[in-house]
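**Student:** Encoded as structure tokens, here's the structure I'll be asking about.
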Amino acid sequence: MQNKGINSSDVIIKADDIKKSYGETHAMRGISLEIKRGEVLAIMGPSGSGKSTLLHTLAGIIKPDSGKVYFSGSRIDNLNDHGRTMLRRTKFGFVFQFSQLVPELTAIDNVAVPLLLNGIPRGEAYHRAEQWLNKVGIADAKLNHLANQLSGGQIQRVAIARAMVINPEVLFADAPTGSLDSLNSELVMKMFIKTAKENGTTVVMVTHEPTIAAYADREIIVRDGRVEA
Amino acid sequence: MHAQNCLLGFLSQGPNYGYELKKMYDSLFGRDKPILPGQIYSTLSRLERDGKVEEVEDAEKSAGPSRVKYQITGKGSEYFQKWLDEPEKVNPHLQTTMYFKVVLALMSNQDATKFLDSQRHSHIAEMRQLTKVRNETDDLATTLLIDNTIFHIEADLRWMELAHSRINQLREELCKTKA
Ligand SMILES: Nc1ncnc2c1ncn2[C@@H]1O[C@H](COP(=O)(O)OP(=O)(O)O)[C@@H](O)[C@H]1O
Ligand SMILES: [Mg+2]
């Protein structure tokens, strides 16, 4: 098994014995894993087991105390702030349980922002934002609603559009439907996975709900900072 | 079927008497319905016929003819282990089987979390399959039926997760039963 996969083109993310502690709390006690390009992976486990810490480390947001993280064959655990920011702007997308849309901006503004930050001209940015909002099922009538006028399900849809609009290689999601009821969870997940598969986006999502993990191609279970076989 | 595996599980701790096996069964699984002595003896004789258990020489033989001591054979151990290692097919009456497996794995000093994890993967695989079918169907009746099955599987999974969290406590309880 050693060395296998680091350069292999079908592995997009690889973690090698990553560890992270917060004082006495060992959030990760040595986790190794490989994620294939285009795969949808669910990270499951009880709360406090280290799922979010793992997700953020794989996304280059948290620096592990030791161990290595590779994205497309390059180390990303030791990037400087600039490198990390570029990765997050151009390669990675994020969706969280309570997606923080900017409340005083409209739905379409929220989705256009990442493109504007990347220097895409305004007209083009708004055009693409509108296309994405349509894809995730936000009706034209809602495009100019303020974010704080949207329902929970609509907010998560807008958040998915905002994450997907830069056409990321990997989409990281932390309990993306954790705040939704069963029907909305199902509708949002169905759309989410369909969109990811159509675009070949790799998805890494944290959830403790088996009904959500069932949308993934594969699941791993984190317990007490370790991945169970 | 459970009776056979229970007795094999108990005997994997060491040779024992039918009467003791009944007491163990009742304290662990016979909450509402103690097992009949006749069922213990008929199960033992079936196991003996199949070569899964055998009688042993007993130093306390003087205690009387009904006190026969049994031990598990290699064939019996293999049969029990196979049952323990094989994840169960999802079905509505699975709770009891899962409970039996957890208790018997612990009693035979095995890692019961291993069983819980492989059962869990098997449940999620089933759920993944159903989720896929539900995503692809336009038929509302099918969707509703699948919803129901999915929530039953979810209930099993929640139970497994809790059982996993309580495994050390359960192990301690069982040590008391053994003693
Ligand atoms: N920034 C932090 N400071 C201190 N402790 C933290 C921090 N982040 C996480 N932890 C602790 O690390 C452990 C794992 O947390 P987390 O990765 O959020 O778990 P999960 O997402 O599985 O609930 C927990 O005990 C949590 O309290
Ligand atoms: Mg978390």
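If you read the protein sequences in the order shown, they are chains A and B.
11 is the number of the first residue of the first sequence in our numbering; add one for each residue after it.
-5 is the number of the first residue of the second sequence in our numbering; add one for each residue after it.
C-beta: ideal position from N, C-alpha, C; glycine also.
Please read all numbers here as calculations on a predicted model, not as lab measurements.
Have a look at A/Ala139 and A/Arg172 and give me their C-alpha separation to the nearest angstrom.
**Tutor:** One C-alpha to the other measures close to 8 Å.
**Student:** Counting C-beta neighbours from all protein chains within 10 Å, is the total for A/Gln12 16 or more, i.e. buried, or is it exposed?
**Tutor:** Annotation note: pLDDT 42 at A/Gln12 (below 50); position unreliable, coordinate value reported separately. Exposed, because fewer than 16 other Cβ atoms sit within 10 Å of the Cβ of A/Gln12.
**Student:** When the Cα of A/Ile176 is compared with those of A/Thr217, A/Ala117, A/Leu193 and A/Leu126, which residue comes out closest?
**Tutor:** Comparing Cα-Cα distances from A/Ile176 to each of A/Thr217, A/Ala117, A/Leu193 and A/Leu126, the minimum goes to A/Leu126.
**Student:** For the putative contact between B/Ser5 and B/Val50, defined by C-beta atoms under 8 Å, what is the C-beta separation to the nearest angstrom?
**Tutor:** Correcting the residue identity first, residue 5 of chain B is Leu in this sequence and not Ser. At roughly 10 Å, the Cβ-Cβ gap does not stay under 8 Å, so B/Leu5 and B/Val50 are not in contact.
**Student:** If distances are taken between C-alpha atoms only, which option among B/Leu38, B/Val96, B/Lys17 and B/Met121 comes closest to B/Leu156?
**Tutor:** It is B/Val96 whose Cα lies nearest to the Cα of B/Leu156.
**Student:** Once DSSP output is grouped into helix, strand and coil, what is the label at A/Asn17?
**Tutor:** Confidence is the limiting factor: at A/Asn17 the pLDDT is only 46, short of 50, which leaves the residue's position unreliable, though a coordinate-based value still follows. Three-state DSSP puts A/Asn17 in coil, outside helix and strand.
**Student:** Mind reading off the beta-carbon distance from B/Glu148 to A/Pro220? Whole number of angstroms is fine, and I expect it under 8 Å.
**Tutor:** With 8 Å as the limit, B/Glu148 and A/Pro220 qualify as a contact, their Cβ atoms being about 5 Å apart.
**Student:** Check each residue's C-beta against every heavy atom of ligand 1 and list, in chain order, those closer than 6 Å.
**Tutor:** Taking each Cβ in turn, the ones that pass are A/Tyr32, A/Thr35, A/Ala37, A/Gly55, A/Ser57, A/Gly58, A/Ser59, A/Gly60, A/Lys61, A/Ser62 and A/Thr63.
**Student:** State buried or exposed for A/Asn120, treating a residue as buried only when at least 16 other CB atoms are found within 10 Å of its CB.
**Tutor:** Burial call: buried.
**Student:** Could you tell me which chain A residues have their CB closer than 7 Å to the CB of B/Asn129, listed as they occur along the chain?
**Tutor:** By Cβ distance, chain A contributes Lys200.
**Student:** For a cutoff of 8 Å on Cβ pairs, would you count A/Pro131 as touching chain B?
**Tutor:** No - not a single Cβ of chain B is within 8 Å of the one on A/Pro131.
**Student:** Quick one: any contact between the stretch 38 to 55 of chain A and the stretch 83 to 99 of chain A, if contact means 3 or more CB pairs under 8 Å?
**Tutor:** The stretch 38 to 55 of chain A, when compared against the stretch 83 to 99 of chain A, does not touch it at the 8 Å Cβ threshold.
**Student:** Taking the alpha-carbon of A/Pro56 as reference, which of A/Val232, A/Val237 and A/Glu238 has the nearest alpha-carbon?
**Tutor:** Ranking the options by Cα distance to A/Pro56, first place goes to A/Val232.
**Student:** Would you say A/Ala223 lies against chain B (beta-carbon separation less than 8 Å)?
**Tutor:** It does: the Cβ of A/Ala223 has a partner Cβ on chain B nearer than 8 Å.
**Student:** Give the straight-line distance between the Cα atoms of A/Gln110 and A/Asn128, rounded to the nearest whole angstrom.
**Tutor:** When rounded, the distance between both Cα atoms is 19 Å.
**Student:** For B/Phe23, count the other beta carbons within 10 Å of its own beta carbon; 16 or more makes it buried, fewer makes it exposed. Which is it?
**Tutor:** Answer is buried; the Cβ neighbour count reaches 16.
**Student:** Looking only at its own chain, which residues have a Cβ that is under 7 Å from the Cβ of A/Leu65, when we skip the five neighbours before and after it?
**Tutor:** Closer than 7 Å at Cβ, skipping near neighbours: Ile53, Phe182, Asp184, Val214 and Val216.
**Student:** By Cβ distance, which residues of its chain are closer than 7 Å to A/His155, with the 5 residues on each side in sequence left out?
**Tutor:** For A/His155, where only same-chain residues beyond five positions count, the Cβ hits under 7 Å are Thr116 and Ala117.
**Student:** Apart from the five residues on each side of it in sequence, which residues of its chain come closer than 7 Å, Cβ to Cβ, to A/Lys73?
**Tutor:** Answer for A/Lys73: Asp87, listed in chain order.
**Student:** Strictly below 9 Å CB to CB, what residues from chain A border B/Ser159?
**Tutor:** The answer, in chain order, is Pro56.
**Student:** Which residues in the same chain as B/Gln65 place their Cβ atom closer than 7 Å to its Cβ, once the five residues preceding and following it in sequence are excluded?
**Tutor:** Result list for B/Gln65: Leu5, Pro9, Val47, Glu48 and Val50, in chain order.
**Student:** Quick one: residues in its chain with C-beta nearer than 6 Å to the C-beta of A/Val180, no 5 flanking neighbours on either side, listed in chain order?
**Tutor:** Once the five neighbours on either side are set aside, the close Cβ partners of A/Val180 are Phe102 and Thr212.
**Student:** Under the rule that 16 or more other beta-carbon atoms within 10 Å means buried, what is A/Thr187, buried or exposed?
**Tutor:** So A/Thr187 counts as buried.
**Student:** Quick one: any contact between the stretch 82 to 101 of chain B and the stretch 196 to 206 of chain A, if contact means 3 or more CB pairs under 8 Å?
**Tutor:** The stretch 82 to 101 of chain B is not in contact with the stretch 196 to 206 of chain A.
**Student:** When you compare each of B/Gly68, B/Gly32 and B/Asp52 to B/Leu2 by their alpha carbons, which one comes out closest?
**Tutor:** Nearest C-alpha to B/Leu2: B/Gly68.
**Student:** Shorter than 7 Å, the distance from the beta carbon of A/Asp184 to the closest heavy atom of ligand 2, or not?
**Tutor:** A/Asp184: yes, Cβ under 7 Å from ligand 2.
**Student:** Starting from B/Leu151, find everything on chain A with Cβ-Cβ shorter than 8 Å and list it in chain order.
**Tutor:** Within chain A, the residues near B/Leu151 are Pro220.
**Student:** Roughly how many whole angstroms lie between the Cα atoms of B/Tyr11 and B/Lys63?
**Tutor:** Near 5 Å, if we compare the C-alpha coordinates of B/Lys63 and B/Tyr11.
**Student:** Per the DSSP calculation, A/Asp184 is bridged to which residue(s)?
**Tutor:** Looking at the DSSP assignment, A/Asp184 forms a beta bridge with A/Phe106 and A/Val216.
**Student:** Would you say A/Val21 touches ligand 2, meaning its beta carbon is less than 7 Å from a heavy atom?
**Tutor:** No, the beta carbon of A/Val21 sits no closer than 7 Å to any heavy atom of ligand 2.
**Student:** Tell me the rounded alpha-carbon separation between B/Ser21 and A/Met38.
**Tutor:** So the two alpha carbons sit approximately 40 Å from each other.
**Student:** Terminal residues of the continuous alpha helix (DSSP H) containing B/Thr37?
**Tutor:** Taken as a continuous stretch (DSSP letters only), the alpha helix (DSSP H) holding B/Thr37 covers Pro31 to Arg43.
**Student:** Determine which residues share a DSSP beta bridge with A/Phe81 and list them.
**Tutor:** Partner(s): A/Ile23 and A/Ser84.
**Student:** When you compare the CB of B/Arg43 with every CB in chain A, is at least one pair closer than 8 Å?
**Tutor:** It does not; no Cβ of chain A falls within 8 Å.
**Student:** Kindly indicate if chain B contains any beta-carbon less than 8 Å away from that of A/Glu49.
**Tutor:** Answer no: the Cβ-Cβ gap between A/Glu49 and chain B never drops below 8 Å.
**Student:** Alpha carbon to alpha carbon, how far is B/Gln33 from B/Asn129?
**Tutor:** Their Cα atoms are separated by approximately 48 Å.
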